[in-house]
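Take the position in the sequence shown, starting the count at 1, then add 18; the result is the number in the working numbering.
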Amino acid sequence: MQPVGNEKPPNSPGRPASPFSAGPHTSSPFISSGPGFGFEASGSMTSMQNSGNGMPAPPSVKFSGPPTSPYLSSYSTQDATNYHQFQAPRFPTPAQPATPLQGPIVGSPVTNTIGSSSSQPQLSSVQLSSPPQTAMQSPSRSNIPPLPGSSLFTPKPPAQPSLPGYPSVLPRGNMPPSPADPLYLGPRPVSQPPLQTFSAAYIPPLHASPYYAHQVGAIPPPPPIATHLGFSSREQIQFTNVRPPGGAPIQDLTEEFQSLSVGSAPGSHDPGVDIKSLPRPLIDDDEQTKILESYPLNCHPRFLRLTTHAIPSSQSLLARWHLPLGAVVHPLAEGPDEEAVPIVNFGPAGVIRCRKCRIYINPYVTFTDAGRKWRCNLCSLLNDVPGGYYCALDATGRRCDADQRPELSKGSVEFVAPTEYMVRPPMPPSYFFLIDVSVAAVQCGLLEIVSKTIKSCLDEFPGFPRSQIGFLTFDSTLHFHNLQSSLTQPQMMVVADLDDIFLPLPDDLLVNLSDSRHVVDVFLDSLPNMFQDNVNVESAFGPALKAALMVMSQIGGKLLIFQSTLPSLGVGHLRLRGDDPRTYGTDKEHILRTPEDPFYKQMAAEFTKYHISVDLYAFSEKYFDIASLGSLAKYTGGQVYHYPSFQAVTHKEKFRYELARDLTRETAWEAVLRVRCGKGVRFTTYHGHFMLRSTDLLALPAVDCDKAFAMQLSLEDTLLTTKTVYFQVALLYTSSSGERRIRVHTAAAPVIADLGEMYRQADTGSIVLLMSRLAIENALSHKLEETRQLMQLKLVKSLKEYRNLYIVQHRLGGRLIFPESLKFLPLYILSLCKSVALRGGYADASLDERCAAGYTMMISPIRRMLKLLYPGLYRIDEILTADTENLDEPLKKLALTAQCLDVGGLYLYDDGFCFIIWLGRTVSSVLVNSIFEVDLSSFPDLSRVQLHESDNKVSRKLMRILKDLRAKDPSIFQLCWIVRQGEPREGYLLLSNLIEDQTSGTSSYVDWILQIYRQSQSS
Ligand SMILES: [Zn+2]
């Protein structure tokens, strides 16, 4: 199968040689030998490896050096610490057929225990075969304008580095033939119609669709008028809806904008500010579903949201918009069951696509010639309707079967990809675990939770009975585990030479879970005990990564890394560059936020090449360089999970939940994503976790419902001549069940020539998400302060432009005016500046926490991002003590300011990542006692109090509230912290997160609005 957009008719000739081909193969290692491919029922990869029908050669990473003796050991659950190690035979290359190792092993026993290896690994690092160093530069650095105040949000070349095998970005129209992917061979995709195809006078064909009226720019009515909000302050701010003077018709009670009138109140000594009147998002994001009223054929906005649902018709108009123009794509977003994406199988007819621009058939195509032809909505080409797909048209020119066909009536469909497009059998779900067993991991109790959680999920792994599993543990040496199904218990083989990694047993390190289930169970049962006395403090993380690549390269899959300490041995070892306060505020500040050693980016490129996605679980108590290690997840479509100062007793529930979700959620494998759009516009930059394979093809070794992608759009022509722009997201992937699928989302947006309309149709959620990703990337090459200033500047410029639209006409001097659609934007930008990733300086967040927060923000979908930026704060003591057990009433969200906290109250804060329960000084002790079973008068250490359900109504209600809030976003488990008013932890746990208040060096919401107002007034 071809990747999305690389697709071509299955029998197209000509395959460029793959730059990824490894070993002696002259053609791609993934070419199927004939029509008989497809997984055998057994699903065993072993048979694939030995079948000789063109499975891939081992990874091209070469390791040299004299061989040393690995050790082979076997252990039992009964006495895991008392195992024997044996010298294992060395296999010359991983690709050679393996001689099965069984029973008592060759070689002489070596008395040895882990942690006292006689073969001390060397510190010298092994160089990978050298990809061009220039290609490994930080993408962000090269993608971000060098000066603050310059065009932060101007579309720039793609943000991803050009890596070995991934062509550099070239101007469109100057594309060399694309090198073939190791998995998918085919010529360079034609992703967009050639620009010269249509003259400027081109007029789009009439659409027969009944929705044509919507497609030509019919605009939904302006949003309803908001409640009148007025408040006074030091400077007497009034927040009002403004209507143009002169009297609008009585029925036109809706307004285009709102305003804050700003001016000092003479003689006012009132220090209190009625901050309650400022706009704040106290209800959940509405997902912009109103767009579906005007565009019912569009996909649901949960899959695709533009930053404004009005595409500017000209470059000059776009230049006045100032905010980023782009989209947020969430291809696998979860929705209600009744809105499940329909699956369409065209069978032998094949998936129907435009011959020229390759878009998939969708509800916006039109049929002509009595149903024998269809016109592409993207490039207007007239395509033939395949014989088997023919259907007559009704009197309006619509196909009679349109309502019965999801691809002609729904904005989202999933096509089953036909077999003739495939060049290798769909891979089985594959999970490989890389587990740090050094003393740090043992002491924090990590191993037991890891092994128990994995074991509890084994029955729910996606893709039963095809799923594959394997383990590699490491400290200063690497421990391979033979899980061959014929064994009764696993065998451990220790490799101590870190300079010359090889696989002691190439075939049985990644095994079919069903076949080897009993061995896997024994392994997981014995893992915690096996290393319980380990005192080894070293971490051969880099060599372990290389070994994992060698094991996984045949299939691909997910690599889950559990790491508790800074990599210290072998290639990729890192130094404690840590939190050096002296670098903050200097030009070198940002360097700490970028990977130090190019090794990790190189490994990420290798992983992506072999369809391996990396999830990093980071547990270190000390500095750990998440900036470097996280890049493994960044470029492989993975995720960074950070548990600072992990302690099993505190964090186990959160960690267990999040790992279980990772292991059991539906995952799309070996995926590629492309977003096509109509003539005259194109996506130019992409932001998220992926590897950019060509100008617009995102490689995603694995992707799931918890990942969203952002991208910026630019106009290619000075003027757009169409009235509608179409977008089509296509995600080509292998389902866990082993089917190749193409998930397609199609949407249309009007082209407009009115700047006011761009503002009216603005989507704050989408803008905030795109801006936050641009800001995170900007902070990788700039000081935090500069990044924050840039965001503020963008906000000011856009409000100033908006003001200029109305100021003269409506005589609005002395007011800060803004469109209804963007009323929360100033608050979200303020909150972004105060987020862990971007706030303050050295002392305001640890470097690792900053970087981890940045990685999290780079994958978050809109709803999670908005919740993180404006968390929920609820007063719940009255709800808990009410007589009724009924909790149907939704919780009332409060403003995020300490002024909302009553000393007699009990409050719950929820940012989607953690809960904080705040106890006022005079909160009822009976209430506290029934929930936490502690007596506040005895000054208990609340950091040690564990929340669990007690047998009383209040406790049950609280637990239900927490459960309901957790259910709103199942991707993360909020850990609950309890804090009492006035105790030292209150500051960093809660008060610093009340973003409307002034905290060290930051503005309050009111001050921020005043600043923005003043700046937007100045010329
Ligand atoms: Zn087309």
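The beta carbon of each residue, even a glycine, is placed where N, CA and C say it ideally should be.
Query	Result
Contact test: K391 Cβ vs ligand 1 heavy atom, cutoff 7 Å	no
Same chain, Cβ closer than 8 Å to C851, five either side skipped, listed in chain order	R806, M809, Q810, R857 and T1020
Neighbourhood of Q1033 by C-beta, 6 Å cutoff - its chain only, sequence neighbours within 5 removed	V814
Rounded distance between the beta-carbons of P319 and Y306, thought under 8 Å	A small correction: the amino acid at residue 306 is Gln; Tyr does not occupy that position in the sequence shown. With a Cβ gap of about 4 Å, Q306 and P319 count as contacting.
Three or more C-beta pairs below 8 Å linking the region 497-516 and the region 692-706	no
Buried or exposed (CB count within 10 angstroms, at least 16 for buried), H966	exposed
Residue from S973, S989 and L912 with nearest C-alpha to L1012	L912
Sequence-distant residues of the same chain with beta carbon closer than 6 Å to F727, five excluded per side	V347 and G706
Rounded Cβ spacing between V743 and V762 (contact assumed at less than 8 Å)	Going by Cβ atoms, the distance from V743 to V762 rounds to 17 Å, so no, they are not a contact pair.
Buried or exposed (CB count within 10 angstroms, at least 16 for buried), F957	exposed
Closest Cα partner of R893 within the set F625, A916 and I877	A916
Which residues DSSP lists as bridging A686, in chain order	V721
Cβ pair count under 8 Å reaching 3, the region 425-436 against the region 361-370	yes
Unbroken beta strand (DSSP E) run spanning N401, endpoints	L400 to D402
CB of H608 within 8 Å of CB of A797, strictly	yes
Option nearest L490 by Cα separation, candidates S427, L521 and S504	L521
I379 CB to nearest heavy atom of ligand 1 below 7 Å	no
Cβ neighbour criterion (16 or more within 10 Å) applied to P837	buried
Heavy atom of ligand 1 within 7 Å of L399 beta-carbon	yes
Selected residue, minimal CA-CA separation from D533, among L505, Q746, K812 and N822	L505
Bridge partner(s) assigned by DSSP for N500	Q509
Inter-stretch contact at 8 Å, needing at least 3 Cβ pairs: the region 895-909 / the region 877-886	no
Status (buried if at least 16 other CB within 10 Å, exposed otherwise) for V693	buried
Short Cβ contact (8 Å threshold) for D515 with E556	no
Pairwise C-alpha distance: E614 and H591	10 Å
Of the residues L750, V658 and T782, the one placed nearest S989, counting alpha carbons only	V658
Beta-bridge partners of W936, as assigned by DSSP	Y925 and V997
Limits of the unbroken alpha helix (DSSP H) element including T437	T437 -> no alpha helix (DSSP H), and no H or E assigned at all.
Cutoff 7 Å; reference G922; Cβ partners in own chain excluding five residues on either side	G938, T940 and V941
Sheet register partners of V658 (DSSP bridge)	L634
Identity of the residues DSSP links to D419 by a beta bridge	DSSP, once it has assigned bridges, lists no residue as partnering D419.
Near ligand 1: L396 beta-carbon under 7 Å from a heavy atom	yes
Backbone secondary structure at Q917 - three-state DSSP	helix
Cβ-Cβ distance between L1008 and Y927 below 8 Å	yes
Nearest-angstrom Cα separation, counted from C375 out to G32	The predicted model places G32 with a pLDDT of 34, which falls under 50 and marks its position as unreliable; any figure quoted below should be read in that light. Between G32 and C375, the C-alpha separation is close to 19 Å.
Closer than 7 Å: C851 CB and nearest ligand 1 heavy atom	no
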